[in-house]
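In the working numbering, the protein residues as written are 5 to 232. Working notes, beginning with the structure itself.
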Ligand SMILES: [Zn+2]
């Protein structure tokens with residue numbers, strides 16, 4: 005079982021080196037907790053689990069990399085918490101006995117639809133955010149703003165941004181022949197799929213990147229506001 009493609013390995017290595025360079029081994033432990041928990045949950049939840057590409061790894065870890073190299077603990081941990089919340093929500097939400105509802109219109113949608121949420125998945129998101137926040141509080145240098153509430157909030161708000169963008173701006177496609185729905189514009193079903201909603205260029209990776217950016221921003225703003 006391979007978690008990463010060759011490009012994924014290179015991207016994950018770059019994120020790991022950058023985070024360690026910027027935040028030291030405590031930062032690497034927080035990052036590793038996210039990567040390992042995500043991989044274990046994925047393996048536990050489903051057997052298909054395609055290997056992650058470099059693009060997917062950077063969509064989840066690129067913002068944390070930049071924040072860590074800048075030495076910004078709250079922003080880096082906020083981005084990692086948002087990525088963890090989204091991953092835990094997806095994997096734990098897969099066990100929901102009820103189909104998801106769209107976060108915007110509240111109508112029922114098929115499992116796996118971007119923007120669809122379940123109660124179980126939302127609890128999973130909170131657990132992922134709290135886990136990263138707790139580790140950050142325990143490992144980051146003392147004397148900073150209270151990182152637990154800031155990073156936990158960053159993770160949960162980032163996850164909400166992920167669901168909202170997934171429900172609204174993320175591109176949705178349909179096969180003109182059979183009405184099957186897709187989230188990738190380069191898919192060919194009976195015919196090449198057509199864009200029916202959202203922005204054609206904004207895919208799941210773009211939404212994940214935006215959500216980690218929101219997590220980083222909440223971390224940064226929260227730490228500024230709570231500075232004594
Ligand atoms: Zn079709």
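Quick reminder that beta carbons are idealized off the backbone N, C-alpha and C, glycines included.
I'd like the list of long-range same chain contacts for residue i, defined as Cβ closer than 7 Å, with 5 residues on each side in sequence excluded.
i: residue 32; result: 20, 23, 24
i: residue 152; result: 137, 138, 141
i: residue 7; result: 43, 55, 56
i: residue 1; result: With the chain covering 5 to 232 only, the question about residue 1 has no answer from this structure.
i: residue 231; result: 149
For the putative contact between residue i and residue j, defined by C-beta atoms under 8 Å, what is the C-beta separation to the nearest angstrom?
i: residue 82; j: residue 210; result: At roughly 19 Å, the Cβ-Cβ gap does not stay under 8 Å, so residue 82 and residue 210 are not in contact.
i: residue 185; j: residue 178; result: 6 Å
i: residue 214; j: residue 30; result: Not quite, the Cβ-Cβ distance comes to about 27 Å (not below 8 Å), so this is no contact.
i: residue 224; j: residue 173; result: With a Cβ gap of about 23 Å, residue 224 and residue 173 do not count as contacting.
i: residue 133; j: residue 165; result: At roughly 13 Å, the Cβ-Cβ gap does not stay under 8 Å, so residue 133 and residue 165 are not in contact.
i: residue 65; j: residue 87; result: 7 Å
i: residue 216; j: residue 68; result: 7 Å
In whole angstroms, what separates the C-alpha of residue i from that of residue j?
i: residue 148; j: residue 212; result: 27 Å
i: residue 46; j: residue 95; result: 6 Å
i: residue 106; j: residue 159; result: 20 Å
i: residue 139; j: residue 34; result: 6 Å
i: residue 190; j: residue 199; result: 10 Å
i: residue 227; j: residue 104; result: 34 Å
i: residue 180; j: residue 202; result: 17 Å
i: residue 121; j: residue 97; result: 8 Å
i: residue 89; j: residue 49; result: 16 Å
i: residue 176; j: residue 113; result: 13 Å
i: residue 229; j: residue 196; result: 49 Å
i: residue 79; j: residue 150; result: 13 Å
i: residue 154; j: residue 18; result: 26 Å
i: residue 102; j: residue 131; result: 20 Å
i: residue 222; j: residue 194; result: 44 Å
i: residue 169; j: residue 59; result: 19 Å
i: residue 10; j: residue 146; result: 37 Å
i: residue 183; j: residue 116; result: 17 Å
i: residue 163; j: residue 127; result: 11 Å
i: residue 63; j: residue 74; result: 18 Å
i: residue 41; j: residue 161; result: 20 Å
i: residue 70; j: residue 28; result: 14 Å
i: residue 208; j: residue 192; result: 18 Å
Considering only residues of the same chain and omitting the five flanking positions on each side of residue i, which have a CB-CB separation below 6 Å?
i: residue 61; result: 12, 15, 16
i: residue 171; result: 106, 107, 108, 119
i: residue 54; result: none
i: residue 5; result: With a pLDDT of only 46 at residue 5, under 50, the local geometry of the prediction cannot be trusted, and no value is derived from it.
Among the options, which has the Cα closest to the Cα of residue i?
i: residue 124; options: 92, 151, 41; result: 92
i: residue 110; options: 167, 57, 85; result: 167
i: residue 72; options: 221, 38, 26; result: 26
i: residue 129; options: 70, 169, 85; result: 85
i: residue 39; options: 135, 161, 28, 99; result: 135
In its own chain, which residues sit with a C-beta less than 8 Å from the C-beta of residue i, not counting the 5 before and 5 after it?
i: residue 99; result: 49, 124
Report task. Could you name each continuous alpha helix (DSSP H) segment of 4 residues or more that falls completely within the segment 140–201, going from the start of the chain to the end? Result -> 151–171
Query raised in the report: Where in the segment 61–133 do unbroken runs of the beta strand (DSSP E), each at least 3 residues long, occur, reported from the N-terminal end onward?
Result: none
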